[in-house]
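The numbering of the sequence shown is full-length UniProt numbering, which starts it at 1 and goes up by one. Backbone N, C-alpha and C fix where the C-beta goes; we use that ideal spot for every residue, glycine too. Quick notes on the structure that follows.
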Amino acid sequence: MARLSVLGISGGVSNPSRTTAVVNALVKAVALRVPADTGLIEITEAAPSLFAGLSRGALGASGEAIIQRVEKADLLVVGTPVYRASYTGALKHLFDLVDYRALTGKTVLLAATGGSPYHGLVLEHQLRPLFGFFGAVTVPTGVYGAPDDFVDGEIVGAAIIERIARAATDAVSLLNSSHANAAVATRVG
């Protein structure tokens, strides 16, 4: 298999960010399992370029470059802190700018962090429907991090570390099957 493009997207709006820590851990875990070129988009850094326009046509070159990175990646690892039972508005704005056809069939690994363990369903009730709209294939195993999973911004919880490993393995399995299916479709097509 050729090297894959794995792009982490952190919707975290603070620095340091527990969300970014989880996204980075997932990207690294995937890269341990498959040859990959990795990258990270942090909303805190991308926001000035993304909010330069409310539509894609109004973006400058730096905003357009961010959107193209999202559209061209083989695997997206998308994480968000939970605010008011959903993902951040800044993260939603990023995906409002993405061409709705660009993520069809793309593999997306979901992650979230929150102030209590009770917000874990945001993965199922907010993030999965968002990527379902795009026709993306979401990895069945998502990762949710609660405050007890971190010490000084570092991931320490045994359960979340295990879940990161499982989610990365699941993502690679999906990538392998989708790339195999695409290769067959190209040969048959």
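Residue i: which of the options sits nearest, CA to CA?
i, options, result
"PRO147", "HIS119, LEU7 and LEU54", "HIS119"
"VAL82", "GLY135, SER173, SER14 and ALA168", "SER14"
"LYS92", "ARG69, SER116 and PHE131", "PHE131"
"THR44", "LEU32, GLY89, GLN68 and GLU71", "GLY89"
"THR153", "ASP170, THR113, VAL137 and ALA136", "A small fix is needed here, since residue 153 is Gly in this sequence, not Thr. Checking every option, the nearest Cα to that of GLY153 belongs to THR113."
So, residue i versus residue j, is the Cβ gap smaller than 9 Å?
i, j, result
"GLY79", "VAL34", "no"
"SER10", "ASP37", "no"
"GLY105", "ALA73", "no"
"residue 190", "LEU127", "The structure shown does not extend to residue 190, since the chain is modelled only from 1 through 189, so no value can be given for it."
"VAL122", "ALA85", "yes"
"VAL70", "THR107", "no"
Note the first and the last residue of the continuous beta strand (DSSP E) segment covering residue i.
i, result
"ASP37", "36 to 42"
"VAL23", "Counting along the chain, VAL23 falls outside any beta strand (DSSP E), though it belongs to the alpha helix (DSSP H) covering 18 to 33."
"PRO81", "75 to 81"
"VAL6", "4 to 10"
"ALA52", "No beta strand (DSSP E) holds ALA52; DSSP gives it neither H nor E."
"GLY89", "Where GLY89 is concerned, there is no enclosing beta strand (DSSP E), although the alpha helix (DSSP H) it sits in stretches over 89 to 97."
"LEU130", "Taken as a continuous stretch (DSSP letters only), LEU130 belongs to no beta strand (DSSP E), being part of the alpha helix (DSSP H) at 128 to 133."
How should residue i be labelled, buried or exposed, when 16 other C-beta atoms within 10 angstroms of its C-beta is the threshold for buried?
i, result
"TYR100", "exposed"
"ASP149", "buried"
"GLY63", "buried"
"ALA159", "exposed"
"ALA52", "exposed"
"LEU109", "buried"
"ARG187", "Low confidence applies here, because ARG187 scores a pLDDT of 35, under 50, leaving its location unreliable and the question unanswered by this model."
"ALA167", "buried"
"ALA2", "exposed"
With a cut-off of 8 Å on the beta carbons, I'd call residue i and residue j a contact; round off their distance for me.
i, j, result
"ASP8", "VAL27", "First, the amino acid is wrong: residue 8 is Gly here, not Asp. Yes, they are in contact, since the Cβ atoms of GLY8 and VAL27 sit about 4 Å apart, within 8 Å."
"ALA21", "ILE155", "6 Å"
"LEU174", "VAL139", "6 Å"
Tell me the residue span of the alpha helix (DSSP H) that contains residue i.
i, result
"ALA61", "61 to 72"
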